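Each residue of the sequence shown is one higher than the one before, starting from 24 at the first, in the numbering used here.
No residue lacks a Cβ here, since even glycine has one placed at the ideal position from N, Cα and C.
Here the structure is a predicted model, which is why all the values come from computation and not from measurement.
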Amino acid sequence: MREHCPNCGGLLAEGVSATSVLLPLEVAPVIVLKGSDCRCGPGVQALRDTVFPFSKPQRKPSPPLSSFLQRLYMHTNHGLILSSSLSILPIIRPRVNPHDLSQGDQEVLNMFDEAWQYLREKFTPGDVAALSYEVWVTRDVDSFEFYLTELLRELFVQRPETLRSSDSVTVREVLEAGTLDAFIKEVAEKKVLTLAFGGLRSITDYLERQLGLSIDRTTPSFTLSTEAIEVRNIIAHNAGLVSDLFLRRTGRADLKAGVKFPLSVDYAASVSKALFNLSLTIDSAFITHFKLWDTSQVSSDDVQGS
Numbered sequence: 024m025r026e027h028c029p030n031c032g033g034l035l036a037e038g039v040s041a042t043s044v045l046l047p048l049e050v051a052p053v054i055v056l057k058g059s060d061c062r063c064g065p066g067v068q069a070l071r072d073t074v075f076p077f078s079k080p081q082r083k084p085s086p087p088l089s090s091f092l093q094r095l096y097m098h099t100n101h102g103l104i105l106s107s108s109l110s111i112l113p114i115i116r117p118r119v120n121p122h123d124l125s126q127g128d129q130e131v132l133n134m135f136d137e138a139w140q141y142l143r144e145k146f147t148p149g150d151v152a153a154l155s156y157e158v159w160v161t162r163d164v165d166s167f168e169f170y171l172t173e174l175l176r177e178l179f180v181q182r183p184e185t186l187r188s189s190d191s192v193t194v195r196e197v198l199e200a201g202t203l204d205a206f207i208k209e210v211a212e213k214k215v216l217t218l219a220f221g222g223l224r225s226i227t228d229y230l231e232r233q234l235g236l237s238i239d240r241t242t243p244s245f246t247l248s249t250e251a252i253e254v255r256n257i258i259a260h261n262a263g264l265v266s267d268l269f270l271r272r273t274g275r276a277d278l279k280a281g282v283k284f285p286l287s288v289d290y291a292a293s294v295s296k297a298l299f300n301l302s303l304t305i306d307s308a309f310i311t312h313f314k315l316w317d318t319s320q321v322s323s324d325d326v327q328g329s
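#1: Looking at C-alpha atoms only, which residue of 250, 207, 34 is the closest neighbour of residue 219?
#2: Under 7 Å between the Cβ atoms of residue 292 and residue 244?
#3: Have a look at residue 139 and residue 150 and give me their C-alpha separation to the nearest angstrom.
#4: Where residue 315 and residue 120 are concerned, what is the direct C-alpha to C-alpha distance, given to the nearest angstrom?
#5: Using only the alpha-carbon positions, how far apart do residue 299 and residue 179 sit?
#6: Under the three-state reduction of DSSP, which class applies to residue 286: helix, strand or coil?
#7: Can you find the residues in the same chain that come closer than 8 Å, C-beta to C-beta, to residue 260, ignoring five residues on each side of it along the sequence?
#8: For the segment 301 to 311 and the segment 273 to 290, state whether three or more C-beta atom pairs, one from each stretch, are separated by less than 8 Å.
#9: How would you call residue 80, buried or exposed, if buried means at least 16 neighbouring beta carbons within 10 angstroms?
#10: Are the segment 211 to 229 and the segment 156 to 175 touching, with three or more C-beta to C-beta distances below 8 Å?
#11: Could you pull out every unbroken beta strand (DSSP E) segment of at least 3 residues lying fully inside the segment 124 to 184, listed in chain order?
#12: Note down, in chain order, each residue of its chain lying with its Cβ closer than 7 Å to the Cβ of residue 294, except the 5 sequence neighbours on either side.
#13: Any idea what DSSP makes of residue 198, helix, strand or coil?
#14: Establish whether the CB of residue 102 and some CB of chain B are separated by less than 7 Å.
#15: Closer than 6 Å by C-beta to residue 236: which residues in its own chain qualify, once you throw out the five before and the five after it? Chain order, please.
#16: Find out if the Cβ-Cβ distance for the pair residue 215, residue 168 is shorter than 7 Å.
#17: Alpha helix (DSSP H) containing residue 210: first to last residue?
#18: In whole angstroms, what separates the C-alpha of residue 34 from that of residue 96?
#19: Buried or exposed: where does residue 256 fall if 16 or more other Cβ atoms within 10 Å of its Cβ makes it buried?
#20: Please report the straight-line C-alpha distance between residue 181 and residue 223, rounded to a whole angstrom.
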């Protein structure tokens, strides 16, 4: 049974839930769902396909990459839903009749009203939207670094000879890890965290000089991914304010230290796509150079959301 759009009342396309059209009104003129009478809410899927058109990898992704891409899809959907829902909630809320709800739902609605009133008093809609973009970018970058950790761990486990480090370890550290696999994972995590502090160029320096990989640093995806890691760093350590270190590492001449870094849904989506493309490049280099997995075929189940 076709549902009605909660905003304009128009019939939605077959199989489209009314809860999926919680999108900002400014995107209305851009997209219209096929087979739908609704002209104000294109739906999360339609918007994602337009602003976030992932392509399927040409080869089967490694297990770490497959997990990373699934997180990337999840973050994108959640980011779109969160940032978009906030802009249309004031329109939908007045249409909810508490008398039509169960006692439990009424209690949830009361909690929502209190929280929404607090947000309206303390923050502007732009503040709330910016927070959702911060979460989106931060989670994407965190997942990308976790992907690199898992990739290095797999490499160190399958090719122990690549585990070269000038750092000394004690017998106690090895014993406290419990197992060799756990110890190697800790080493990989420490290595990535150390490298991540120096930015993406530090990470690729290690991949090239220590592991013999070749990463193209001239692509737009590499440039934006480099900046995204620095954006995550100032979000986590400087309240999202541009720092002198940020300016030196990114070369952004259009920003000044002390100002809030400008975030938007377009920027967050672009970061996701850049990390997506860069991860494919790194994965391909790892697979080709070390032959860790049999990745000659692409399976339709390897990547969700493609």
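From the atom records:
#1: 250
#2: no
#3: 13 Å
#4: 58 Å
#5: 24 Å
#6: coil
#7: none
#8: no
#9: buried
#10: yes
#11: none
#12: 160, 163, 247, 251
#13: helix
#14: Structure shown: chain B not included; a single protein chain is present.
#15: 230, 308, 312
#16: yes
#17: 203 to 220
#18: 28 Å
#19: buried
#20: 24 Å
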